[in-house]
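J.:
2 protein chains.
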Amino acid sequence: MTTTGGRSRPVTLREVAQHAGVSVATASKALNGKADVHPDTRRRVEEVADRLAFTPNSLARAITAGQTGTVGLLTHDLEGRFSLPILMGAEDAFGAGRTSVFLCDAREDAIREQHHLRALLGRRVDGLIVVGSKTDPRPSLGPDVAVPVVYAYAPSDDPRDASVVPDNVTAGRIATEHLLTLGRRRIAHVSGDATYAAARDRAEGVGQALAAAGLELVGPVRYGSWSEAWGRAGVGAALDAAPGIDAVVAGSDQIARGVLDALRDRGVTVPDDVAVVGFDNWEPMIAGSRPALTSVDMNFETMGRRAATRLFARIAGSPDEGVETIAPRVVVRGSTASG
Amino acid sequence: MTTTGGRSRPVTLREVAQHAGVSVATASKALNGKADVHPDTRRRVEEVADRLAFTPNSLARAITAGQTGTVGLLTHDLEGRFSLPILMGAEDAFGAGRTSVFLCDAREDAIREQHHLRALLGRRVDGLIVVGSKTDPRPSLGPDVAVPVVYAYAPSDDPRDASVVPDNVTAGRIATEHLLTLGRRRIAHVSGDATYAAARDRAEGVGQALAAAGLELVGPVRYGSWSEAWGRAGVGAALDAAPGIDAVVAGSDQIARGVLDALRDRGVTVPDDVAVVGFDNWEPMIAGSRPALTSVDMNFETMGRRAATRLFARIAGSPDEGVETIAPRVVVRGSTASG
DNA sequence: CTGTTAGCGCGTTCAG
DNA sequence: CTGAACGCGCTAACAG
Numbered sequence: 001m002t003t004t005g006g007r008s009r010p011v012t013l014r015e016v017a018q019h020a021g022v023s024v025a026t027a028s029k030a031l032n033g034k035a036d037v038h039p040d041t042r043r044r045v046e047e048v049a050d051r052l053a054f055t056p057n058s059l060a061r062a063i064t065a066g067q068t069g070t071v072g073l074l075t076h077d078l079e080g081r082f083s084l085p086i087l088m089g090a091e092d093a094f095g096a097g098r099t100s101v102f103l104c105d106a107r108e109d110a111i112r113e114q115h116h117l118r119a120l121l122g123r124r125v126d127g128l129i130v131v132g133s134k135t136d137p138r139p140s141l142g143p144d145v146a147v148p149v150v151y152a153y154a155p156s157d158d159p160r161d162a163s164v165v166p167d168n169v170t171a172g173r174i175a176t177e178h179l180l181t182l183g184r185r186r187i188a189h190v191s192g193d194a195t196y197a198a199a200r201d202r203a204e205g206v207g208q209a210l211a212a213a214g215l216e217l218v219g220p221v222r223y224g225s226w227s228e229a230w231g232r233a234g235v236g237a238a239l240d241a242a243p244g245i246d247a248v249v250a251g252s253d254q255i256a257r258g259v260l261d262a263l264r265d266r267g268v269t270v271p272d273d274v275a276v277v278g279f280d281n282w283e284p285m286i287a288g289s290r291p292a293l294t295s296v297d298m299n300f301e302t303m304g305r306r307a308a309t310r311l312f313a314r315i316a317g318s319p320d321e322g323v324e325t326i327a328p329r330v331v332v333r334g335s336t337a338s339g
Numbered sequence: 001m002t003t004t005g006g007r008s009r010p011v012t013l014r015e016v017a018q019h020a021g022v023s024v025a026t027a028s029k030a031l032n033g034k035a036d037v038h039p040d041t042r043r044r045v046e047e048v049a050d051r052l053a054f055t056p057n058s059l060a061r062a063i064t065a066g067q068t069g070t071v072g073l074l075t076h077d078l079e080g081r082f083s084l085p086i087l088m089g090a091e092d093a094f095g096a097g098r099t100s101v102f103l104c105d106a107r108e109d110a111i112r113e114q115h116h117l118r119a120l121l122g123r124r125v126d127g128l129i130v131v132g133s134k135t136d137p138r139p140s141l142g143p144d145v146a147v148p149v150v151y152a153y154a155p156s157d158d159p160r161d162a163s164v165v166p167d168n169v170t171a172g173r174i175a176t177e178h179l180l181t182l183g184r185r186r187i188a189h190v191s192g193d194a195t196y197a198a199a200r201d202r203a204e205g206v207g208q209a210l211a212a213a214g215l216e217l218v219g220p221v222r223y224g225s226w227s228e229a230w231g232r233a234g235v236g237a238a239l240d241a242a243p244g245i246d247a248v249v250a251g252s253d254q255i256a257r258g259v260l261d262a263l264r265d266r267g268v269t270v271p272d273d274v275a276v277v278g279f280d281n282w283e284p285m286i287a288g289s290r291p292a293l294t295s296v297d298m299n300f301e302t303m304g305r306r307a308a309t310r311l312f313a314r315i316a317g318s319p320d321e322g323v324e325t326i327a328p329r330v331v332v333r334g335s336t337a338s339g
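Chains as they are written, first to last, in full-length UniProt numbering: chain A, 1 to 339; chain B, 1 to 339.
Below, the structure is given as structure tokens:
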């Protein structure tokens, strides 16, 4: 029974039954809380099982159950900051029950994705969650996959698939509405890479909120990259072009940090002179910013939980399709608060 | 064969055999590349398998193989930045073969850990990697776990277990040696929470390097918290106490960012006046810092790969115990470069 | 209440 | 080269 070297084979139900002096069927029923077992017998079996550290073999159980109680989580953004909270939400939703999660990282590679897909199907997962790295639609795995699939973050390009995505338009809108509520009227928007749907969607939301208030963005949407450096450069350009700006919607928390730094370098006071709001509510960026950054939380964990819940329902048989969006929320902090 | 709603049961080997007009045994041999099968027969079987999208059932295979080809990854730091690269390294090492990874997040909770442990053992994983959230030793799962276990990041408190940990003493040493090489002599150390072994180990390494050069730290090790705010405050205190400082070893990249910000606020030029080095080489922190931050990379991915490799060897039967440290490396950037 | 029998999907003997 | 029989660990259906 040493740790290093030879391992002992796990205890089987048969052994438990033998030690308890009953048949395997009785032992099975006793341990699974089924009726028609004498209380004394049940207690005896349970005691033996406990003593032998019996752990039922889920694989064997899966054979008859027709379900393995496992799901695959196929991500393309393991190192990124989006799939992690999604993963946690899903793990949370599954972990409460008796479902285990296979994690696979395909790293944006279609071949690796195919490889992992085969492996997961070979392990007879009951379902799949596919997590993309961008909010742009991604190719569907197709209707021929033998198990239910839910797409998270990146929706499937097939509307008949089930997808759960962040609502970036609303995010842009509520960020802007928050600024409008504070009385800001001359609002600029420094965003990330324009090839990302997330950037364009947020910009659209910003535009909607302004239009509803009879206002316009000060200057064009300044697309760039998702970096602090761009935040610094972008806000500089915006201020130079239009000095009277009283608020900036930054395309992400990283951009927002850059914006805050550049404003401080210029001697502009936040939030008194200019209010700043970011997106993602990403703790590491938020924690260090001066002042603390108001940010729109996309509720990724909720997204993961919803994906898991929908997958569960699909596995249980309920039909379900279409894209579901997760509502974001504004988390107010010092970069807009005292304005 | 619709996606939503009823799913078709996966194709079995039996069906393939029937469609190909052969026995299951023949079909099995044909698909597994075994000898004693007529080439024509083999091709026919392969063709049918392909047409029916046959995916061999890994669970059934596991029955005879005695191994499931799965491992459990039990982490306590899923949202943290340490377990992720470890996870990626492990996933990388396993993914190349035919091993799948069950991911469980126990969140520092012993009960949840026990729950997940039972679930994983029930699924008959071939082995386990346990990832801690701190480098302080953690309780061993004990010698009674039926499968090999490798501890990563946090070592087991039982020296007979196999552990893979970062080498924080060396990290502190090489960070300081790098500064000494640049001619810096008056070095301060602003670190994180002193209750973390990581903080104390790095400080020890810093001290070793200085002692070897016949020098001493300027001021005490300034322990605080792992935050930018503390980096700003800590370096301020250090400068006020001893104005002649020409380099700062920061306890983490986040602390280093705070240090950089405070120095810039004070009009101190980096790296000309003061050089700064951080730890972890954490991309999000590195990316935005001004100037780019020199940092000690703890090589977490290597750690994950080593953990996976050692686990593999243990599963294959080789005895293996003891703590293995992963060598860190200095990544030089602007915060020390032109000094 | 308890024991017996069958069978889940596959690989692996062993006879043919 | 092929086919039938066995076993893995467990549960469901039925018999006692």
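All C-beta atoms, glycine included, are put in the ideal place defined by N, C-alpha and C.
Output the residue ranges of the alpha helix (DSSP H) runs that lie fully inside the segment 65-135 of chain B and measure 4 residues or longer, sorted by chain position.
T.: 83-95 and 110-122, all fully within the segment 65-135 of chain B.
J.: Do we get a CB-CB distance below 8 Å when we pair residue 47/A with the residues of chain B?
T.: Chain B contact via Cβ: absent.
J.: Considering only residues of the same chain and omitting the five flanking positions on each side of residue 334/A, which have a CB-CB separation below 6 Å?
T.: Only 291 and 292 meet the Cβ criterion.
J.: Listing by chain order, which chain B residues have their CB less than 9 Å from the CB of residue 102/A?
T.: By Cβ distance, chain B contributes 70, 100, 101, 102 and 103.
J.: Check whether chain A comes within 8 Å of residue 57/B, counting only Cβ atoms and requiring the distance to be less than that.
T.: Closer than 8 Å to some Cβ of chain A, the Cβ of residue 57/B qualifies, so yes.
J.: Can you check which of these residues, 150/A, 134/A and 10/A, is closest to residue 140/A by C-alpha distance?
T.: When each option's Cα is compared against that of residue 140/A, the closest is 150/A.
J.: Flag residue 91/B as yes if its beta-carbon sits less than 8 Å from any beta-carbon of chain A, otherwise no.
T.: Cβ-Cβ to chain A under 8 Å: yes for residue 91/B.
J.: Report the partner residues of residue 329/B according to the DSSP bridge assignment.
T.: Note: residue 329/B sits in a beta bridge opposite 297/B.
J.: Does residue 52/B get closer than 8 Å to chain A when you measure Cβ to Cβ?
T.: With 8 Å as the cut-off, residue 52/B does not count as an interface residue toward chain A.
J.: Tell me, please, which residues DSSP counts as bridged to residue 189/A.
T.: Residue 189/A pairs with 249/A.
J.: Under a CB-based cut-off of 8 Å, is residue 298/B close to chain A?
T.: It does not; no Cβ of chain A falls within 8 Å.
J.: May I ask you to list, following chain order, the residues of the segment 214-234 of chain B that have a beta carbon less than 8 Å from some beta carbon of chain A?
T.: Here the close residues are 227, 228 and 229.
J.: Pick from 250/B, 206/B and 254/B: whose alpha carbon is nearest that of residue 169/B?
T.: Here the closest residue by C-alpha is 206/B.
J.: Tell me, which residues are paired with residue 204/B by DSSP?
T.: Paired residues: none, contrary to the question.
J.: Helix, strand or coil: which one does DSSP assign to residue 45/B?
T.: Three-state result, residue 45/B: helix.
J.: According to DSSP, simplified to helix, strand and coil, what is residue 163/A?
T.: Looking at residue 163/A - three-state DSSP - the assignment turns out to be strand.
J.: Which residues in the same chain as residue 261/B place their Cβ atom closer than 8 Å to its Cβ, once the five residues preceding and following it in sequence are excluded?
T.: If we look at residue 261/B and ignore the five residues flanking it on each side, its Cβ neighbours are 228, 231 and 232.
J.: Consider the Cβ of residue 288/B: report whether some Cβ of chain A lies at a distance smaller than 8 Å.
T.: True, the Cβ-Cβ gap to chain A drops below 8 Å.
J.: Is the separation between the beta-carbon of residue 332/B and that of residue 296/B shorter than 8 Å?
T.: Going by C-beta atoms, residue 332/B is not nearer than 8 Å to residue 296/B.
J.: Please name the residues in the segment 184-209 of chain A whose beta-carbon is closer than 8 Å to at least one beta-carbon of chain B, in chain order.
T.: Within the segment 184-209 of chain A, no residue qualifies.
J.: Rounding to the nearest angstrom, what Cα-Cα distance links residue 192/B and residue 326/B in this structure?
T.: The straight-line gap from Cα to Cα measures roughly 21 Å.
J.: Beta-carbon of residue 284/B versus every beta-carbon of chain A: anything under 8 Å?
T.: Yes, contact with chain A.
J.: Is residue 5/B helix, strand or coil when you go by DSSP?
T.: In this prediction, residue 5/B has a pLDDT of 37, which is less than 50 and means its spatial position is unreliable; nothing more can be read from the coordinates.
J.: Is the beta carbon of residue 73/A closer than 8 Å to that of residue 31/A?
T.: For residue 31/A and residue 73/A, no; Cβs fall outside 8 Å.
J.: Can you give me the start and stop residues for the beta strand (DSSP E) that residue 149/A sits inside?
T.: Counting along the chain, the beta strand (DSSP E) containing residue 149/A begins and ends at 149-152.
J.: By the DSSP assignment, the alpha helix (DSSP H) with residue 24/A in it spans what residues?
T.: Residues 24-31.
J.: Taking only beta-carbon positions, decide if residue 173/B is within less than 8 Å of chain A.
T.: Chain A, which has no Cβ nearer than 8 Å to the Cβ of residue 173/B, makes this no.
J.: Determine, using beta carbons only, whether residue 97/B comes closer than 8 Å to chain A.
T.: No, residue 97/B does not count as interfacial toward chain A.
J.: With a cut-off of 8 Å, does the C-beta of residue 123/A fall near any C-beta of chain B?
T.: So, interface residue.
J.: Taking Cβ-Cβ distances shorter than 8 Å, what residues in chain B pair up with residue 254/A?
T.: By Cβ distance, chain B contributes 284, 287 and 288.
J.: Is the shortest distance between the beta-carbon of residue 33/B and the beta-carbons of chain A less than 8 Å?
T.: Taking Cβ atoms only, chain A never reaches closer than 8 Å to residue 33/B, which makes this a no.
J.: Which chain B residues sit within Cβ distance under 9 Å of residue 84/A?
T.: Residues of chain B passing the Cβ test: 78, 79 and 84.
J.: Kindly indicate the opening and closing residues of the beta strand (DSSP E) around residue 277/B.
T.: Per DSSP, residue 277/B belongs to the beta strand (DSSP E) from 275-279.
J.: Within the chosen definition, does the segment 113-131 of chain B reach the segment 187-201 of chain B through at least 3 CB pairs nearer than 8 Å?
T.: No, the segment 113-131 of chain B is not in contact with the segment 187-201 of chain B.
J.: Between residue 257/A and chain B, is the shortest Cβ-Cβ distance under 8 Å, so that the two count as touching?
T.: True, the Cβ-Cβ gap to chain B drops below 8 Å.
J.: Contact criterion: CB-CB distance below 8 Å. Does residue 144/A meet it with respect to chain B?
T.: By this cut-off, residue 144/A is an interface position.
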